[in-house]
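Undergrad: Residue numbers (our numbering): 130 to 724. Quick reminder that beta carbons are idealized off the backbone N, C-alpha and C, glycines included. Handing you this structure, nothing more for now.
Pasting the structure below:
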């Protein structure tokens with residue numbers, strides 16, 4: 130007589146099969162284990178620790194005591210190994226240091242003055258886990274020049290208008306009211322402009338300084354804008370450097386009739402990408418009989434406008450073609466007519482092979498705002514179409530950017546409006562607008578200054594303790610470039626190694642540096658003026674010199690621990706359960722007479 134399978138046998142089978150499934154699946158189980166790594170101390174090495182009221186010697190001693198045979202890392206604008214040199218970083222970024230410490234494991238202690246610039250970027254779990262020791266700076270009164278903004282490239286006949294931001298911070302000494310100060314501009318130790326200004330009660334205000342550059346030397350000059358007449362505790366932030374290039378005549382002249390958003394954004398983009406002197410004239414009345422300088426809005430004599438147009442290497446005529454009939458450009462010409470409009474949503478797309486195809490290859494055309502109108506271009510079989518547009522993405526494509534070259538003279542035309550919305554939108558659209566303007570300018574200027582440099586600085590001046598960023602501007606993929614620099618400490622050669630985005634960084638001590646590509650990779654014996662490409666400056670100024678409130682509070686920190694993921698296959702007892710369940714089932718089946 131055969132016996133039936135009982136409930137106990139079924140349970141043993143389920144247990145055995147379940148254990149085998151778990152072994153094959155091997156799900157991970159997280160558990161918390163005490164960290165075995167030695168203690169790590171993150172030492173704030175930003176310039177504020179070495180500024181007025183800074184606690185660098187005390188912070189150094191505190192870090193050594195808390196490490197207790199462990200490891201010390203310095204953090205600021207970057208995370209580096211430990212040394213006892215004074216702080217050099219111009220920023221206090223804690224988030225990268227905490228992320229690196231979390232990957233290492235072990236107890237973490239932060240020694241800082243509390244003036245952290247990226248506290249909002251620190252994840253909450255990383256912000257509460259370390260022990261934090263705050264050594265605050267003593268409060269002090271400080272007057273400073275926060276920023277200087279103005280044109281980079283001017284002609285010798287121009288008048289420069291600089292916008293200077295200045296302010297005060299910290300407790301004002303007793304008995305001293307708001308007071309007044311003097312903003313001055315110096316060139317090679319010679320004062321070229323001065324203006325008395327009132328000091329604010331607190332915060333930052335802005336004013337303008339205007340001065341002619343007729344007596345400035347041709348080429349790049351380093352201007353020093355100073356705030357004088359205010360006794361404060363930190364003199365290193367009382368001045369800013371501003372680099373300015375002066376040329377005998379403007380290389381690019383922009384005529385706008387009438388002035389509109391299109392010409393305004395075009396002038397801004399040309400200033401940023403052309404790297405040559407630009408002068409903009411706007412029509413004071415329809416027809417272009419009278420013109421004004423766009424920078425000062427002062428009336429300009431028609432003869433002066435004609436002279437600037439005749440001497441320019443590139444002339445841009447934006448607006449009504451009838452307003453430009455009295456001018457005779459001798460160099461390259463870019464026309465942007467307004468006649469014969471056809472409104473609608475015109476979506477731009479590349480037309481095919483052209484001299485600008487390589488420079489525009491990375492643009493995502495489908496993501497750009499459409500052009501708002503099109504004007505007809507006269508048929509020219511010798512012209513090369515760079516970009517076309519379709520109305521509502523349907524119908525035949527219409528040319529909107531064309532190039533032509535006749536008798537050694539280059540011409541280009543843009544027949545679409547509303548492209549300024551690319552720059553206004555920002556992000557990738559703004560970069561597409563800059564790429565189009567830069568590519569057109571480079572082609573029109575041929576081998577002029579706009580394309581002579583393979584590497585250009587992203588910013589001419591940087592604050593103290595900040596790396597000078599460079600971008601690749603040459604043809605093809607970025608490659609390493611040896612750069613020759615002459616500064617306050619003599620000549621040096623550094624190699625720029627660009628990343629995939631065409632950017633490189635170079636850290637330099639404070640000072641003004643004249644740079645050019647190194648000749649043959651050998652040590653320089655001085656900079657030849659004919660080869661010099663320009664100037665860059667590392668300012669003495671830094672936001673770290675200014676008094677700032679602590680945004681970190683001392684805390685004891687959480688117990689040091691680490692999260693470990695362990696697969697069930699690593700649990701030996703799970704195999705024992707499977708074997709025991711199958712063995713017990715087999716024995717039971719033999720006892721009851723089941724096969």
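#1: Would a C-beta distance cut-off of 7 Å place residue 398 and residue 383 closer than the cut-off?
#2: Short check: CB of residue 359 to CB of residue 272, under 7 Å?
#3: Considering only their Cβ atoms, is the gap separating residue 607 from residue 627 smaller than 7 Å?
#4: Can you grab the Cα-Cα spacing for the pair residue 241 / residue 337, in whole Å?
#5: With DSSP collapsed to three states, give me the class of residue 414.
#6: For the candidate residues 465, 452 and 521, whose alpha-carbon lies nearest to that of residue 507?
#7: DSSP three-state label for residue 598, please.
#8: Reducing DSSP to helix, strand and coil, say where residue 281 ends up.
#9: Taking contact to mean 3 or more Cβ pairs, one atom from each stretch, closer than 8 Å, check whether the segment 182-201 and the segment 137-157 are in contact.
#10: Can you check which of these residues, 682, 717, 713 and 290, is closest to residue 264 by C-alpha distance?
#11: What residue range does the beta strand (DSSP E) around residue 586 cover?
#12: Taking all protein chains shown into account, decide if residue 658 is buried (16 or more other Cβ within 10 angstroms of its Cβ) or exposed.
#13: Indicate whether the contact test is met: 3 or more Cβ pairs, each with one atom in the segment 547-558 and one in the segment 478-497, closer than 8 Å.
#14: If you drop the 5 nearest sequence neighbours on each side, which residues of the same chain put their C-beta closer than 6 Å to that of residue 276?
#15: Do you know how far the Cα of residue 280 is from the Cα of residue 254?
#16: Kindly indicate which residue of 195, 286, 284 and 169 has the alpha-carbon position closest to the one of residue 229.
#17: Which residues does DSSP list as the beta-bridge partners of residue 106?
#18: Ignoring anything shorter than 4 residues or poking outside the segment 226-269, list the alpha helix (DSSP H) runs there in chain order.
#19: On the three-state DSSP scale, how would you describe residue 376?
#20: Let's test the definition: count the other Cβ atoms within 10 Å of the Cβ of residue 589 and tell me whether it reaches 16, buried, or not, exposed.
#21: In terms of residue numbering, what span does the alpha helix (DSSP H) encompassing residue 623 cover?
#22: How many Å lie between residue 596 and residue 393 at the Cα?
#23: Just verifying my parser: in three-state terms, what is the DSSP assignment at residue 677?
#24: Here's a check: name, in chain order, each residue in its chain whose Cβ is nearer than 8 Å to the Cβ of residue 642, leaving out the five neighbours to either side.
#25: What residues match up with residue 436 in a beta bridge as DSSP calls it?
#26: Check whether the Cβ atoms of residue 599 and residue 567 lie closer than 7 Å to each other.
#27: Per DSSP, what are the beta-bridge partners of residue 295 in this structure?
#28: Any contact between the segment 215-223 and the segment 708-724? By contact I mean 3 or more CB pairs, one from each, below 8 Å.
#29: Can you tell me where the alpha helix (DSSP H) holding residue 309 begins and where it ends?
#30: Using C-beta distances below 8 Å, list every residue in its chain close to residue 725, excluding the 5 sequence neighbours before and after it, in chain order.
#31: Let me check one thing: in DSSP terms, what residues is residue 590 bridge-paired to?
#32: What's the call for residue 401, buried or exposed, on a 16-neighbour Cβ count within 10 Å?
#33: Quick check on DSSP: helix, strand or coil for residue 368?
#34: Mind reading off the beta-carbon distance from residue 505 to residue 176? Whole number of angstroms is fine, and I expect it under 8 Å.
#35: Assuming residue 502 contacts residue 470 under a Cβ cut-off of 8 Å, what Cβ separation, rounded to an integer in Å, is found between them?
#36: What do you get for residue 609, buried or exposed, if any count of 16 or more other CB atoms within 10 angstroms of its CB means buried?
TA: Reading off the structure:
#1: On the chain shown, position 269 is the one that residue 398 refers to. On the chain shown, position 254 is the one that residue 383 refers to. Not in contact: residue 398 and residue 383 (Cβ atoms no closer than 7 Å).
#2: Position 230 of the chain shown holds residue 359. Position 143 of the chain shown holds residue 272. Contact: yes.
#3: Working through the chain shown from its first residue, we reach residue 627 at position 498. Working through the chain shown from its first residue, we reach residue 607 at position 478. Their beta carbons are under 7 Å apart, which means residue 627 touches residue 607 by this criterion.
#4: Numbered from 1 along the chain shown, position 112 holds the residue referred to as residue 241. Numbered from 1 along the chain shown, position 208 holds the residue referred to as residue 337. In this model, residue 241 and residue 337 are separated by some 38 Å (Cα to Cα).
#5: Here residue 414 corresponds to residue number 285 of the chain shown, with the count starting at 1. Coil, per DSSP.
#6: In the chain shown, counting from the first residue as 1, residue 507 sits at position 378. The shortest C-alpha separation from residue 507 is found at 465.
#7: Here residue 598 refers to the residue found at position 469 of the chain shown. In this structure, residue 598 counts as strand in the three-state DSSP scheme.
#8: Here residue 281 corresponds to residue number 152 of the chain shown, with the count starting at 1. Looking at residue 281 - three-state DSSP - the assignment turns out to be coil, as it is neither helix nor strand.
#9: No, they do not touch.
#10: Within the chain shown, residue 264 is the residue found at index 135, counting from 1. Residue 682 is the option with its Cα nearest to residue 264.
#11: Stepping through the chain shown from its first residue, residue 586 is reached at position 457. That run of the beta strand (DSSP E) goes 584-586.
#12: Position 529 of the chain shown holds residue 658. Since pLDDT at residue 658 reaches only 35, below the 50 mark, its modelled position is unreliable, and the value read off the structure follows with that caveat. Burial check for residue 658: the Cβ neighbour count within 10 Å stays below 16, so the residue is exposed.
#13: Contact between the segment 547-558 and the segment 478-497 is present, because at least three Cβ pairs lie under 8 Å.
#14: Counting from one through the chain shown, the residue named residue 276 turns up at place 147. Listed in chain order, the non-local C-beta contacts of residue 276 below 6 Å within the same chain comprise 294, local neighbours out to five positions each way being set aside.
#15: Residue 254 sits at position 125 when you count from the first residue of the chain shown. Residue 280 sits at position 151 when you count from the first residue of the chain shown. So the alpha carbons of these two residues sit roughly 46 Å apart.
#16: Translated into the one-based positions of the chain shown, residue 229 becomes position 100. Out of 195, 286, 284 and 169, the CA that lies nearest to the CA of residue 229 is found in 169.
#17: This structure cannot settle anything about residue 106, because the visible part of the chain is limited to 130 through 724.
#18: As far as the segment 226-269 is concerned, its whole alpha helix (DSSP H) runs of at least 4 residues are 253-257.
#19: If you number the chain shown from 1, residue 376 lands on position 247. The answer is strand: DSSP assigns residue 376 an E or B state.
#20: Here residue 589 is taken as the residue at index 460 of the chain shown, counted from 1. Its Cβ being crowded by 16 or more others within 10 Å, residue 589 is buried.
#21: Your numbering for residue 623 matches position 494 in the chain shown. No alpha helix (DSSP H) holds residue 623; the beta strand (DSSP E) holding it covers 619-625.
#22: Mapped onto the chain shown, residue 596 falls at position 467. Mapped onto the chain shown, residue 393 falls at position 264. Rounded to the nearest angstrom, the two C-alpha atoms are 31 Å apart.
#23: Locating residue 677 in the chain shown gives position 548, counting from the first residue. Coil.
#24: Numbered from 1 along the chain shown, position 513 holds the residue referred to as residue 642. Apart from the 5 residues on each side of it in sequence, residue 642 sits with its Cβ closer than 8 Å to the Cβ of 614, 615, 616, 664, 665, 666 and 667 in its chain, given in chain order.
#25: Numbered from its first residue, the chain shown carries residue 436 at position 307. Beta-bridge pairing links residue 436 to no other residue.
#26: Translated into positions along the chain shown, residue 599 becomes position 470. Translated into positions along the chain shown, residue 567 becomes position 438. No, the pair does not count as a contact, with Cβ atoms beyond the cut-off.
#27: Residue mapping note: residue 295 aligns to position 166 of the chain shown, counting from 1. Note: residue 295 sits in a beta bridge opposite 274 and 334.
#28: The segment 215-223 vs the segment 708-724: no contact.
#29: Numbered from its first residue, the chain shown carries residue 309 at position 180. Note, residue 309: premise wrong, no alpha helix (DSSP H); beta strand (DSSP E) at 309-316.
#30: What is shown of the chain runs 130 to 724, which leaves residue 725 out entirely.
#31: Sequence index remark: in the chain shown, residue 590 carries index 461 (1-based). According to DSSP, which records beta bridges pairwise, residue 590 is partnered with 666.
#32: Your numbering for residue 401 matches position 272 in the chain shown. Label assigned to residue 401: exposed.
#33: Looking up residue 368 in the chain shown gives position 239. In the structure shown, residue 368 adopts extended strand secondary structure according to DSSP, grouped into three states.
#34: Residue mapping note: residue 505 aligns to position 376 of the chain shown, counting from 1. Residue mapping note: residue 176 aligns to position 47 of the chain shown, counting from 1. The beta carbons of residue 505 and residue 176 sit about 59 Å from each other, so the pair does not count as a contact at 8 Å.
#35: Start at 1 with the first residue of the chain shown, and residue 502 comes out as number 373. Start at 1 with the first residue of the chain shown, and residue 470 comes out as number 341. Contact between residue 502 and residue 470 holds: their C-beta atoms lie close to 5 Å from each other, under 8 Å.
#36: Working through the chain shown from its first residue, we reach residue 609 at position 480. So residue 609 ends up on the exposed side.
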